[in-house]
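Asks: Following this message is one structure expressed as structure tokens.
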Amino acid sequence: YLMGKGLTVMIAISGWISERSPVDGVGLISQQSVLLVTIALVIATMATTWLRLAALPFALAGLLTVSDTRTPDVLISEDARLVALPIGGGELAVSRERPNEFTVDNWKRALTSETIVVPEVFDKSDGQFDVADAVELPPGSPFYCSSGVCVARHMSGAIIAYVEDRKDTWKACGFAELIVINDATAYDACHNPLVLVITKRQLARKGSAAVFFDRQSATTPATISFAVNSPYRPWHTQRKYSREARGLA
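Heads up, the sequence shown is in the numbering used here, so the first residue is 27 and it goes up one at a time.
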């Protein structure tokens, strides 16, 4: 009985504090910070004398470099069903009206975002928005969808396109810096080295992806980092046998 009451009080206090506290996510942590803090922990736990003080410089350096890392400009889920990008003001634009809550929560913490902005869908017949209008979108625009293609504009000015059917890829080749195709049978239909095309098959084989745009040059193609590297580790081998990884619909 007492334990139950204690848990009830603890949960109530936690809820009260959470409602009145800002987001406590620290975002991405740099590799050098993890390494330095690890060294500090090793020294602090293995040394038994005043030598433990040697851990302090490493711990301090780890804290100072904790945010010394670049956050991704675009995040893509491994099933190619969800694309997200920060658009400023603590907002995260996503490509689906009902995104996976678990995935989005993790991305919000990594990018220190608080608000999700879902796409706005337009009917082709009403003429309010056309895919070709993407070049007129201001930087930091969320996803707008029409004719099977969703487009958004990163704060850097780069245009991102999300395509459900590979047959619609050509619509974005003329203006997009990044095209994500939710189709395992898709291929790079743009044949333009400045346009980064990512297919469902690539993501099925290599996992979720982070994309980085060049902030110094608009003529430099975007770079991509996948969650799973080749050659596969033993526990990743099964990825290549899925239908999507084999390019099957």
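Cβ atoms here follow ideal geometry from the backbone N, Cα and C, with glycine treated the same way.
In this text the structure is predicted, and so the values were computed from the model without any measurement.
1. Nearest CA to the CA of N218: which residue from R227, E203, T225 and S103?
2. For the alpha helix (DSSP H) that P83 lies in, which residues bound it at each end?
3. With distances taken from CA atoms, which of P125, Y213, I55 and A184 is nearest T249?
4. Where do the N-terminal and C-terminal ends of the alpha helix (DSSP H) with E127 fall, by residue?
5. Within a Cβ cutoff of 6 angstroms, which residues of the same chain sit near L280, ignoring the five residues on either side of it in sequence?
6. When DSSP labels each residue in this structure, what does E104 get in the three-state scheme?
7. Do three or more CB pairs link the region 139-154 to the region 169-177 at distances below 8 angstroms?
8. What residue does the beta strand (DSSP E) around T249 start on, and which one ends it?
9. What's the call for Y188, buried or exposed, on a 16-neighbour Cβ count within 10 Å?
10. Checking 9 angstroms against the spacing of the C-beta atoms, do A8 and R227 come in under that value?
11. Taking the beta strand (DSSP E) that T141 falls in, what are its first and last residues?
12. Excluding the 5 residues preceding and the 5 following E270 in the sequence, name in chain order all residues of the same chain whose CB lies nearer than 7 angstroms to its CB.
13. With a Cβ-Cβ cutoff of 9 angstroms, do G88 and M181 count as a contact?
14. Would I224 and A236 be called neighbours here (beta carbons separated by less than 9 angstroms)?
15. Kindly identify the DSSP beta-bridge partner or partners of F238.
16. Please classify G286: does DSSP put it in a helix, a strand, or coil?
17. For V144 and F238, I'd like the C-alpha separation in whole angstroms.
18. Can you confirm whether the region 52-61 touches the region 129-138 when touching is taken to mean that 3 or more C-beta pairs between the two stretches lie within less than 8 angstroms?
19. Just mark L62 as buried or exposed, buried being the case when its beta carbon has 16 or more other beta carbons within 10 Å.
20. Under the three-state reduction of DSSP, which class applies to T225: helix, strand or coil?
21. What are the start and end residues of the alpha helix (DSSP H) that includes L204?
22. Determine whether the beta carbon atoms of L118 and L108 lie at a separation below 9 angstroms.
23. Going straight from the alpha carbon of T263 to that of A198, what length do you get?
Replies: According to the structure data:
1. For this step, residue 218 is matched to residue 192 along the sequence shown. Comparing Cα-Cα distances from N218 to each of R227, E203, T225 and S103, the minimum goes to E203.
2. What you label residue 83 is simply residue 57 of the sequence shown in a count that begins at 1. Per DSSP, the continuous alpha helix (DSSP H) segment holding P83 begins and ends at A81 to L90.
3. As a first step, residue 249 must be located in the sequence shown, where it is residue number 223. When C-alpha distances from T249 are compared across P125, Y213, I55 and A184, the shortest belongs to A184.
4. Position 101 of the sequence shown, counted from the first residue, corresponds to residue 127. Per DSSP, E127 belongs to the alpha helix (DSSP H) from E127 to A136.
5. Since the first and last residues shown for the chain are 27 and 275, residue 280 lies out of range.
6. Taking the sequence shown and counting its residues from 1, the one referred to as residue 104 is at position 78. DSSP places E104 in coil when its eight states are reduced to three.
7. yes
8. By 1-based counting over the sequence shown, the position of residue 249 is 223. Counting along the chain, the beta strand (DSSP E) containing T249 begins and ends at T249 to F252.
9. What you label residue 188 is simply residue 162 of the sequence shown in a count that begins at 1. Y188 is buried by the Cβ-count criterion.
10. For residue 8 there is no data in the structure shown, the boundaries of the chain being 27 and 275.
11. Reading the sequence shown from its first residue, position 115 is the one you call residue 141. Its beta strand (DSSP E) spans residues T141 to V143.
12. As a working mapping, residue 270 is identified with position 244 in the sequence shown. The answer, listed in chain order, is A210, K226, R227 and A230.
13. Within the sequence shown, numbered from 1, the residue matching residue 88 stands at position 62. Within the sequence shown, numbered from 1, the residue matching residue 181 stands at position 155. Not closer than 9 angstroms, so no.
14. Translated into positions along the sequence shown, residue 224 becomes position 198. Translated into positions along the sequence shown, residue 236 becomes position 210. Result no, Cβ atoms of I224 and A236 do not sit closer than 9 angstroms.
15. Locating residue 238 in the sequence shown gives position 212, where the first residue counts as 1. Paired residues: T249.
16. Residue 286 lies beyond the range of the chain shown here (27 to 275); nothing can be said about it.
17. Taking the first residue of the sequence shown as 1, we reach residue 144 at position 118. Taking the first residue of the sequence shown as 1, we reach residue 238 at position 212. Straight-line Cα distance between these residues: approximately 22 angstroms.
18. When Cβ pairs closer than 8 angstroms are counted between the two stretches, the region 129-138 is seen to touch the region 52-61, the count reaching three or more.
19. Stepping through the sequence shown from its first residue, residue 62 is reached at position 36. Under this definition L62 is a buried residue.
20. Looking up residue 225 in the sequence shown gives position 199. Note: T225 maps to strand in three-state DSSP.
21. In the sequence shown, residue 204 corresponds to position 178, counting from 1. No alpha helix (DSSP H) contains L204, which is instead part of the beta strand (DSSP E) from L204 to I207.
22. Locating residue 118 in the sequence shown gives position 92, counting from the first residue. Locating residue 108 in the sequence shown gives position 82, counting from the first residue. No, the Cβ-Cβ distance between L118 and L108 is not below 9 angstroms.
23. The sequence position of residue 263 within the sequence shown is 237, counting from 1. The sequence position of residue 198 within the sequence shown is 172, counting from 1. Taking the straight line joining both Cα atoms gives about 33 angstroms.
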